[in-house]
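Some notes on the structure that comes next.
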Amino acid sequence: MATTNARTPAPERPGAQEWVPADADVPALAQAARACRGCELWAPATQVVFSDGPPDAPLVLVGEQPGDSEDREGEPFVGPAGRVLHDALAAAGVAPDAVYVTNAVKHFRFEERGKRRLHKTPDVAHVHACLPWLSAELAAVRPRVVVALGATAARAVLGRAVRVTQLRGRLLDDAPDVGGAPAAVLVTTHPSALLRLRGKGGWDEAFDALVADLRTAARAAGLVAGGA
Ligand code: URA
Ligand code: SF4
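In my numbering, the protein residues as written are 7 to 234.
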């Protein structure tokens, strides 16, 4: 008996590579990413969210994916997690506009619940599809240090699954090759993990730990005094 299978078809997910211009600078990459159809996440999102910050910054921070505010505004880290990140950078003695910020996945993945759009963690397949953008950014910016904020970013930057709690705060040298120069990588918690602690016990310790990790990275990048 023939059966009709009513499953949703597998998403079109060729990966971003064919949309990434060769040897491009950051503005050219950001422009090209608007056309990316490397995975299905572009369709329900408002727009691509690329990056922010100096295109020659010594320190690059990689987040997970844009959130609701970022999707609407087209800029990374402009919502609640961004405020935590900016406060932590300031506390670490780093001017937020001295660092280049980007995300492992460039479109907001969400689930609709009535009028609300709830963040949905990207799958490994989305991280993989979007990776050509991050690789091209790192090759263009050539930072000395790359900070991975949370497990999704760590997977993108290091190319393997890691436990953030095990690795956090250390300068790792299994680093990505950034335009011929290896960068150090530091893994830390994602600022949105701190948001869940706000007003509860544990906030101060978690915030201080994020600040300490950002300071370690900024020192190694030569952005704040104190040596690596
Ligand atoms: N969280 C992220 O990982 N990136 C953003 O840009 C905003 C929130
Ligand atoms: Fe392209 Fe990344 Fe957006 Fe997918 S999430 S469409 S790979 S930019």
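From the three backbone atoms N, C-alpha and C, an ideal C-beta is built for every residue, glycine too.
Note that the structure is a prediction, hence the values are computed from the model and not measured.
Please classify residue i as buried or exposed, where buried requires at least 16 other C-beta atoms within 10 Å of its C-beta.
i	result
K206	exposed
Q37	exposed
P82	buried
A231	exposed
V193	buried
T195	buried
T158	buried
K121	exposed
M7	Confidence in M7 is poor, its pLDDT being 47 and thus under 50, which makes the residue's placement too unreliable to answer from.
A234	For A234, the predicted structure reports a pLDDT of 47, less than 50, and the residue's modelled location is therefore unreliable. A value from the coordinates is still provided. Exposed.
K112	buried
P197	buried
G156	buried
R13	exposed
T9	Reliability of the predicted coordinates at T9 is poor, the pLDDT of 49 falling under 50, and the value obtained from them is presented with this limitation in mind. With fewer than 16 other Cβ atoms within 10 Å, it is exposed.
V90	buried
V100	buried
Q172	exposed
V130	exposed
T248	Nothing about residue 248 can be read from this structure; the chain reaches only from 7 to 234.
G228	exposed
R204	exposed
P72	buried
R169	exposed
D179	exposed
D219	buried
D58	buried
R123	buried
Note the first and the last residue of the continuous beta strand (DSSP E) segment covering residue i.
i	result
A224	Looking at the DSSP string, A224 is not in any beta strand (DSSP E); the run it does join, the alpha helix (DSSP H), is W209 to A226.
A190	A190 to T194
If you follow the alpha helix (DSSP H) that residue i is in, where does it begin and where does it stop?
i	result
G88	P86 to A97
P82	That residue, P82, is in no alpha helix (DSSP H); it is neither H nor E in DSSP.
A199	P197 to L201
Say whether chain B places a C-beta atom closer than 8 Å to the C-beta of residue i.
i	result
C136	The chain inventory of the structure shown lacks chain B, comprising one protein chain alone.
Unbroken alpha helix (DSSP H) runs of length 4 or more, entirely within the region 105-178: which are they?
130-147, 157-164 and 170-173
Closer than 8 Å is the cut-off here; do at least three beta carbon pairs connect the region 223-230 with the region 53-71?
Taking one beta carbon from each stretch, the region 223-230 and the region 53-71 have 3 or more pairs nearer than 8 Å; the two touch.
With a threshold of 8 Å, are at least 3 pairs of Cβ atoms found where one atom belongs to the region 149-163 and the other to the region 189-209?
yes
Which complete beta strand (DSSP E) runs does the region 27-77 hold, if anything under 3 residues is left out?
Runs of the beta strand (DSSP E) lying entirely within the region 27-77, each at least 3 residues long, are 65-69 in chain order.
Answer yes if the region 71-81 comes into contact with the region 97-106, meaning at least three C-beta pairs across the two stretches below 8 Å, and no otherwise.
no
Under 8 Å, with one C-beta from each stretch per pair, do the region 152-172 and the region 31-50 reach the 3-pair mark?
no
Count the CB pairs spanning the region 137-147 and the region 22-30 that are closer than 8 Å, and state whether there are at least three.
yes
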